[in-house]
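Notes to accompany the following structure.
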Amino acid sequence: MPATETSPQQFAERMPMVVEDQEERFNNDEKMKILSRTDTPVQYRAIPYGPIEERRRRFLLDTQQHQISVTIPSIGLNFDFHLTSVENREEGSETVTHFESPLIFNGVCVKWIGHIGQSSLQGAGRFVYDSERANSLGQVRQEEARRYQTRIDAIYSRFQVSG
């Protein structure tokens with residue numbers, strides 16, 4: 211590949227991951243509204259047709275490795291969460307795993323905060339807007355846009371095209 215061409219992988223790595231006004235998108239996007247309500251039902255989704263004991267063991271192993279696969283049946287979404295926080299609590303007759311996972315969803319920095327019962331493998335959670343990460347990635351996005359504009363301006367001046 212010539213030096214001037216960009217591979218699809220390089221192009222994807224340079225694409226902005228976040229939208230310009232993340233907080234507005236978070237507050238107005240229909241899926242975000244649904245997912246930011248408290249207690250959106252979720253289910254652990256690894257080994258969906260396996261024996262329940264095997265699924266429970268896998269759930270515990272996944273949480274120890276700080277990753278978990280969940281489904282939100284009400285809207286048909288699946289997530290592979292990379293957990294930053296995991297805590298097990300006794301709640302009544304069941305041990306419940308509480309967790310948190312930052313991610314970018316529809317161009318918006320959010321955190322999923324949820325819990326899943328270790329025996330039922332069902333729980334609930336919701337998105338919260340991650341303003342700290344949004345500000346950080348927003349600045350990266352602006353810097354990248356400035357670099358692209360500089361490159362475009364250089365091309366215009368090189369070929370003496372009015373932009």
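Taking the working numbering, the leading residue of the sequence shown gets 211, the next gets one more, and so forth.
Note that CB positions come from ideal geometry on N, CA and C, so glycine has one too.
- According to DSSP, residue pairing for Y339 in a beta bridge involves V320.
- In the three-state scheme derived from DSSP, where H, G and I count as helix and E and B as strand, R299 is classed as strand.
- Nearest neighbour of D340 by Cα position, chosen from F315, E353 and R357, turns out to be F315.
- In the three-state reduction of the DSSP assignment, E310 falls in the strand class, which pools E and B.
- Per DSSP, the continuous alpha helix (DSSP H) segment holding D272 begins and ends at I262 to Q274.
- Boundaries of the alpha helix (DSSP H) around S246: E240 to S246.
- Minimum Cα-Cα distance from L245 among the listed residues I365, L331, W322 and S330 corresponds to W322.
- Counting C-beta pairs with one atom in each stretch, the segment 281-296 and the segment 239-254 have three or more that are closer than 8 Å, which means they touch.
- For S279, the enclosing beta strand (DSSP E) starts and ends at Q277 to I282.
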